[in-house]
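Going by my numbering, the sequence shown opens with residue 9, and the numbers climb by one from there. Glycine residues also receive a C-beta, built at the ideal position from the N, C-alpha and C atoms. What follows is a short report on a single structure.
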Amino acid sequence: MTDASTPRSATYAASTTDTDRAPGGSLAAPVNLAGLVVRSARQPVPRLPERTEELPRTPLAVRDLLRPALLATAEAAVAEAGLSPEEVRNMGCVTASNGATAATGSYIAQVLAGPGPRWLAPECFLHYSPHTLTGELCIALGLDGCAVTLTGASAGVDALGYAALMVRSGRCSSVLVAAAHWPQPATADDESVPLLTTAAAVLGNGGSGAVNGRVAVTGWRPGGSHPAVRRDEPAGPADGTAGGRDTDVTAPFAALADRRDSHDARGTELVCGGSRLTAVAGAGE
Numbered sequence: 009m010t011d012a013s014t015p016r017s018a019t020y021a022a023s024t025t026d027t028d029r030a031p032g033g034s035l036a037a038p039v040n041l042a043g044l045v046v047r048s049a050r051q052p053v054p055r056l057p058e059r060t061e062e063l064p065r066t067p068l069a070v071r072d073l074l075r076p077a078l079l080a081t082a083e084a085a086v087a088e089a090g091l092s093p094e095e096v097r098n099m100g101c102v103t104a105s106n107g108a109t110a111a112t113g114s115y116i117a118q119v120l121a122g123p124g125p126r127w128l129a130p131e132c133f134l135h136y137s138p139h140t141l142t143g144e145l146c147i148a149l150g151l152d153g154c155a156v157t158l159t160g161a162s163a164g165v166d167a168l169g170y171a172a173l174m175v176r177s178g179r180c181s182s183v184l185v186a187a188a189h190w191p192q193p194a195t196a197d198d199e200s201v202p203l204l205t206t207a208a209a210v211l212g213n214g215g216s217g218a219v220n221g222r223v224a225v226t227g228w229r230p231g232g233s234h235p236a237v238r239r240d241e242p243a244g245p246a247d248g249t250a251g252g253r254d255t256d257v258t259a260p261f262a263a264l265a266d267r268r269d270s271h272d273a274r275g276t277e278l279v280c281g282g283s284r285l286t287a288v289a290g291a292g293e
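Written out as structure tokens, the structure reads:
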């Protein structure tokens, strides 16, 4: 499922590939996507009110705006996957972000520089950490599986690749992978309304959803600063896909949605932030 308003970001590179090999040259079994949802909507970042007494009622960007949007997208992906309550309970969770929670950090800095620390609610600091998104999803959906948070320009591809590895290794039978991209205004005076994009996919076995098995992923090759990168490997590609602060980590999910809907039998390589992942036709295609 992809909302019609979802933009196609250019922060990933896609190309066809004739082989599907994991690092080291060995074949890796593809892991099916059982659910996939990408949504986008304009979402203004909360700003400091002119009157100090209004501060306690100011919405926290991550708690009140980003979290509900990401949760709704994740719930839609889980529903699309057709998982049973028991399958959902045992599901793992991997989230990806690249500065999506920075709005809360900016809010903290503005309050400290202006009205002062007495006007900061303690929960501000909870919603500054990217792992807040992972914890919120696990608590709200009742997930008891392994939970991991990945950040940085390559986080979108790495989250999908790591989730596939979790399924392939038997650690989890299915994994929820969620990502958020919410670019912040360049300055405090910038009144533009940024686009909040959330994405979620369910990888693994089981489920009875209509999209189950139409696309699968394999061949994850982490790059950049990922801890799985060997020292003798380059830090990233020289083709401009190394990524940066503004890299949209939901772009690989949008690419997978395009790949799923195209019914293309060829493999598609996703490249983002120096990491690579191959999308292929699933077992149900």
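- The Cβ-Cβ distance between ALA167 and THR206 does not fall below 8 Å.
- Inter-segment contact for the segment 95-110 and the segment 177-192 is present: three or more beta-carbon pairs are separated by less than 8 Å.
- Closest in C-alpha terms to ARG267, from the list ASP256, VAL257, THR258, ALA287, comes ALA287.
- Bounds of any beta strand (DSSP E) do not take in HIS135, whose DSSP letter is neither H nor E.
- Beta-bridge partners of ARG179 (DSSP): none assigned.
- Taking a contact as a CB-CB distance under 8 Å, the pair VAL39 and ARG176 counts as one, their CB atoms being some 6 Å apart.
- For HIS189, the pairing in a beta bridge is given by DSSP as THR205.
- Around the beta carbon of SER162, 16 or more other beta carbons lie within 10 angstroms, which makes this residue buried.
- The beta carbons of LEU264 and LEU44 sit about 6 Å from each other, so the pair counts as a contact at 8 Å.
- Taking C-beta atoms under 8 Å as the contact rule, LEU41 and GLY290 qualify, at a distance of about 7 Å.
- Taking 8 Å as the cut-off, the Cβ atoms of ARG47 and LEU203 do not count as close.
- Judged by DSSP secondary structure, GLY143 falls within the alpha helix (DSSP H) whose first and last residues are 139-149.
- Under the three-pair Cβ rule at 8 Å, the segment 71-83 does not count as touching the segment 150-164.
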